[in-house]
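What follows is a short report on a single structure.
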Amino acid sequence: MVPLSTTVSTQRSERRIAVRLPLKVRGKDSRGFAFEEETSSENLCRSGAAFVTRFDVAVGSDLEIRIPFSQYASRRSDADFATHGRVVHVADAESRGEKLVGVQFTGPRFQRVFRSESAA
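In our numbering, the protein residues as written are 253 to 372.
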């Protein structure tokens, strides 16, 4: 069996964009306790995202992810983006006690286009 991290790095053909969008993440932590958290993306592409969390999530776990657009969109009719994702990477974040989590979307892919905040 190929290690999960190797599989993901060879599959990533899309460039991740450094953009902070609000995220609502729901799932179970590494001990099996349900959690829900409001956080923000660190980076994003059509097939995945990275975000910081205070919860200890395990590689391979499944999460529900929602990006609320209705309050930020120019047209109020824009629906929130909702998908499922599998945790493919967990590392210590710069903030003490938090983790940087990389998720590969297993549900609908992200279809919006954003400019990188670092390019602005």
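Think of the CB as a built atom: it goes at the ideal place given N, C-alpha and C, for glycine as much as any other residue.
Name the two residues that bound the continuous beta strand (DSSP E) containing residue i.
i	result
Gly284	Here Gly284 belongs to no beta strand (DSSP E), and DSSP marks it neither H nor E.
Ala419	No answer is possible for residue 419: the residues shown for the chain start at 253 and end at 372.
Val355	Lys351 to Phe357
Ala270	Looking at the DSSP string, Ala270 is not in any beta strand (DSSP E), and its letter there is neither H nor E.
Compute the Euclidean distance between the alpha carbons of residue i and residue j, then round it to the nearest angstrom.
i	j	result
Val355	Arg298	11 angstroms
Val353	Glu266	18 angstroms
Glu288	Ile317	10 angstroms
Asp281	Phe307	6 angstroms
Arg268	Asp332	20 angstroms
Pro255	Ala286	Residue placement at Pro255 is poorly supported in this model, since its pLDDT is 44, which falls under 50; the coordinates are not used for a value here.
Glu273	Gly300	Rather than Glu, the amino acid found at residue 273 in this sequence is Leu. The straight-line gap from Cα to Cα measures roughly 13 angstroms.
Residue j and residue i - do their beta-carbons sit closer together than 8 angstroms?
i	j	result
Val309	Thr291	no
Phe362	Gly337	no
Val339	Ser313	yes
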